[in-house]
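Residue numbers for the sequence shown follow numbering that gives the first Met the number 0, so the first one is 0 and each next one is one higher. For every residue, glycine included, the Cβ atom is placed at its ideal position computed from N, Cα and C.
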Amino acid sequence: MTPFIIPFDILCEISKVLGPEDIGGCSLVCREWNTVFIKILWNSLTIRDEPHLKALCEIVSTPLGQKKKYNYVQGISFSNDVQVDEDQLKTLQKAFSCLDDLSIGYESLSKINLGTNSDWDHWKSLRTLELTVYTGTDGKDIAEFVSILPHLPSIEDLFYQRTNGCGRMCLGDFEKIHAHLPHLKELHIGTELSEISDNEISILETHTPTHSMKEVSLNVDPVDLRWIFYFGSKYPSLTRFIWKDKPDSGSPNIHMDETLGLFRRNPKVYFSNLQYVMLRGNSDNHALHTLFMFLLKQLQSPFTEFNYIAGGEPSFDIQGIFMSEILSRLPDTVDTIELDLEDHPENPVVLLNGLGECPALVSLDITAQNITFDVDMLLDCCQALKYVTLTCDLSISPEASLVGATHCLESVYFQISRISSAVLSRISSRCKNLGRITMHATRVECNPFLTNGSALLDMAGSHLNTFAIGGAKFYAPINDSGESIRIHLIAVTQSDQASSDKNHKRRRLSNGQSSRGIAEVKWFHLARFSESCKTQCTIWELNETEVKYTENYFKSFKAEQEQYVEGPNNPSGLDYLRKEDWKEDLGRGYLDLRVASIRITQL
C-alpha cells in the first residue's frame, strides 16, 4: 500500500506522534514506500473536504501542535466546496507561515470577508496564489481581493477567477495589483473587465511599465480593445498572451478607432518580446479577435507560436471566413500553430490555404473531427512543415499525380483519425526525411487482399526510427459490398540490410515478392491481454518456430475471411486478444509492410 491511499485521519494520527521536526532528518523511511514520510504528509497538503479541514485545524491547535513549526509545508490546496471560516483560516495562517503556494477552490471563501482578515501577513512568503470565488451582485469581492495583496508582496503568479456576480475589474484595480506586487510575473484573470472610462484615459498614457510581467491570461467577456493598448504598454517584457472569450458573452463596445489613436499618439515598440498567443474564440464575437490579430500585425509583433480554440455555436460561414482572416494576419515569424476546431465545420481548402500563408510553419497540430484533408495539399501548402499532429481524417485524391515534390516532413502523429494505406504510401514517397510515425486510436484502411492473404502497405522509401502503432487498427476489404476485417498480423520487410538487426535471421519473403532479393522479414502480432489492459496494445514479435509455421500457412493460403467480418454478434472483432491466439488470427490475412528500415514500438 502506498502512502497516497492511506486515509487522511490515519495520517493525522501518525503526525500527532511524529511531527515534521522529528521526521525532518529522514529518520522514518518505509522500505516498501521508498519515500521519505515527510514528502508525503507535509510537503503539500490537499484539503479534500470539511472533515479533513477540521482534523487538520485540531492538530495544529493542540498545545503540542502550537509548539511545532510546520516549515516543511510549502503548499496548501482547498478542493472545491470546502468552506473555511475565519477562525479556521487564521489557524492555518499561523501554523503554516512558510507557504509558497496557496490554491483556494470554488466557494471555499464564501463565509469570509477577505478585507477584514489581517492575518494574511503570515503568508507574506507566498509566491503563487490561486483564488476561485463565488461572488454576489455588488462586486465588493474585487475590492476585498485587492485589499489583501499588500500583505503578500512576494507573489509571482496570481490567479483570480470569479464564477458569478456583476462587478467588473477596472484599470485602477490592475494598477493597484502591480503597485502591491512588484515581483509579479504571471497574471491570470477570470472576471469581467470594465469599459475604460474617460477618467481612465490618462492612466493609459501615463502609467509606469511593469517589466517583470511575462504572461497575461484572460478568461473574460469581450473587452474594450483599449485594454490591448494597456497590456502592450504596461508589459514591455510580455512573452505569453492568452485570451479566452466566455461562451455566453455579449456584444462588446470595441472602440477600435480610439485604440488605433492611442497607438499612433504614443509611437514606440509594443509586444516586441511576445512569443506565444492563444485565443479561444466565440462565434458571436469573431470580429474582436480578428481586430486583435490585425493590431498585432500592424505592430509587427514577432511571436512564433499561435494556438486557437473554437468556441460558441458551430457556424460554417462565419467559421470559414474567420479562420481565413485570422491565419492571414499571422506574422511570418510563426513556426508553431495549434488549432482546435472541435466539431466546427470548416472548408479544408480555405484552411490549408490560410496555413500556406505562414512560410516558417514547422510544427502543426490540428483537431478538426469533421474535416478530411488532402495529404498532397497539406504538404504543398505547408512546405516547411516538419512535425504534424492530426486529429482529423486524411485522404488522397484519385486524380493525384504519381510523383509529388519532395517534402521535409520528419514526424507525423495520427490521433483519432481515419487514413488509408495509400495515404501512408504517399507520405513515405514524398517525405524522404520521415523518421517517426505514431498512431493513437487510428483506423487504417488497407489495400485489398492478394490471393496469398497479404494486404500491401508500401513505404519502401522510409527509414523509420519509430513506428508506434500500438493505437492503430488495420482493416482490409474482403468484397465489393464494403465489408472489411481487422488484421492482427504484420510482416515487416526491411530492404536496407545495414539498418536491420544483425542478430536476426534474414530470409526471403515466402511469396517471392521481395524487390531487392535478400531482405529481412519480421512477423508481429498485435495483441491485448485482457479487458483490464484496454489501452495497452502490445506488439509481439513471433519467434522462429512461429514464423516458420506462419510462412508455411500462407504458402497454401485459402481465403475464408468472411467468417471474420466484424458485427454485433461476432466476438472476433473484440479488442481483447491474447498473444497465445496468434494462430487464430492467421485466417484474417496479414499486413505486408515494406520499408527501407524500421523499429516498431508500441504507444
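Exercise. Three-state secondary structure (DSSP) at ARG577?
Worked result: coil
Exercise. Does DSSP put SER427 in a helix, in a strand, or in coil?
Worked result: helix
Problem set entry | Neighbourhood of CYS357 by C-beta, 6 Å cutoff - its chain only, sequence neighbours within 5 removed | LEU329, VAL333
Problem set entry | Cβ neighbour criterion (16 or more within 10 Å) applied to ALA359 | Result: exposed.
Problem set entry | Close Cβ partners of PHE158 (< 6 Å) along its chain, the five nearest in sequence each way excluded | GLU129, HIS187
For this session: Go to ARG263, then tell me how far its alpha helix (DSSP H) extends in each direction, as first and last residue.
Result: 255–264
Exercise. How big is the Cα-Cα spacing for THR335 and GLU304?
Worked result: 5 Å
Exercise. Taking the C-alpha atoms as reference points, what is the distance between ASN272 and GLU214?
Worked result: 11 Å
For this session: Determine the burial state of GLU559: buried for a count of at least 16 other Cβ atoms within 10 Å of its Cβ, exposed for fewer.
Result: exposed
Exercise. With 16 other CB atoms within 10 Å as the buried threshold, where does VAL81 fall?
Worked result: Buried is the call here.
For this session: Could you tell me which uninterrupted beta strand (DSSP E) segments, each at least 3 residues in length, are contained entirely in the region 373–458, listed from first to last along the chain?
Result: Runs found: 386–394, 410–414, 417–419, 435–444.
Problem set entry | Limits of the unbroken beta strand (DSSP E) element including LEU488 | 488–493 is the extent of the beta strand (DSSP E) around LEU488.
Exercise. Assuming LEU449 contacts SER416 under a Cβ cut-off of 8 Å, what Cβ separation, rounded to an integer in Å, is found between them?
Worked result: LEU449 to SER416, Cβ: 26 Å. No contact.
Problem set entry | Best match in ILE241, LEU203, TYR275 for proximity to ARG264 [C-alpha to C-alpha] | LEU203
Exercise. What number of angstroms, rounded off, separates the C-alpha of LEU224 from the C-alpha of LEU290?
Worked result: In a straight line, the C-alpha of LEU224 is about 9 Å away from that of LEU290.
Problem set entry | Coarse secondary structure for PHE230, derived from DSSP in three states | helix
Exercise. For LYS619, which of GLU155, ASP172, MET168 has the nearest alpha-carbon?
Worked result: Limits of the chain in this structure are 0 at one end and 602 at the other, which puts residue 619 out of reach.
For this session: Provide the residue(s) that pair with PRO149 in DSSP beta bridges, ordered along the chain.
Result: None; PRO149 has no bridge partner.
For this session: Determine the DSSP secondary structure at THR238, reduced to helix, strand or coil.
Result: THR238: coil per DSSP, three-state reduction.
Exercise. Hey, how far is the Cα of GLU398 from the Cα of ASP375?
Worked result: 11 Å
Problem set entry | Expected contact under 8 Å - CB spacing of HIS439 and GLY460 to nearest Å | At roughly 24 Å, the Cβ-Cβ gap does not stay under 8 Å, so HIS439 and GLY460 are not in contact.
For this session: Please say whether SER124 and SER153 have beta carbons closer to each other than 8 Å?
Result: yes
For this session: Could you pull the start and end residues of the beta strand (DSSP E) that MET277 belongs to?
Result: 275–279
Problem set entry | Buried or exposed by the 16-neighbour rule on C-beta atoms within 10 Å, applied to THR492 | THR492 should be labelled buried.
Exercise. For ARG577, does the count of other Cβ atoms within 10 angstroms reach 16, so buried, or fall short, so exposed?
Worked result: It is exposed - the Cβ of ARG577 has fewer than 16 other Cβ atoms within 10 Å.
Problem set entry | Cα-Cα separation between ALA444 and SER480, rounded to whole angstroms | Here residue 444 turns out to be Glu, not Ala, going by the sequence shown. One C-alpha to the other measures close to 15 Å.
Exercise. Between the C-alpha atoms of ASN70 and SER43, what's the straight-line distance to the nearest angstrom?
Worked result: 11 Å
For this session: Go through its chain and collect everything with a Cβ distance to VAL145's Cβ below 7 Å, but skip five positions before and after it.
Result: ASP172, LYS175, ILE176
Exercise. How is ASN551 classed by DSSP in three states: helix, strand or coil?
Worked result: helix
Problem set entry | Between the CA atoms of LYS431 and LEU488 - distance to the nearest angstrom | 27 Å
Problem set entry | 6 Å Cβ shell around SER420 - same chain, five flanking residues per side excluded | CYS445, ASN446, LEU456
Problem set entry | Span of the beta strand (DSSP E) around GLY74 | 74–77
For this session: Measuring alpha carbon to alpha carbon, tell me which of ALA309, LEU295, PRO208 ends up nearest LYS610.
Result: A query on residue 610 cannot be resolved here, the shown segment of the chain reaching from 0 to 602 and no further.
For this session: Over the uninterrupted alpha helix (DSSP H) stretch that includes PHE95, give me the two end residues.
Result: Counting along the chain, no alpha helix (DSSP H) covers PHE95, and no H or E run does either.
Problem set entry | 8 Å contact criterion, which LEU52 and GLN92 should meet: CB distance rounded | Rounded to whole angstroms, the Cβ separation of LEU52 and GLN92 is 14 Å, and the two are not in contact under 8 Å.
For this session: Please list, in chain order, all residues of the same chain as ARG593 whose beta carbon is under 6 Å from its beta carbon, the five residues on each side excluded.
Result: ASP457, ALA459, THR492
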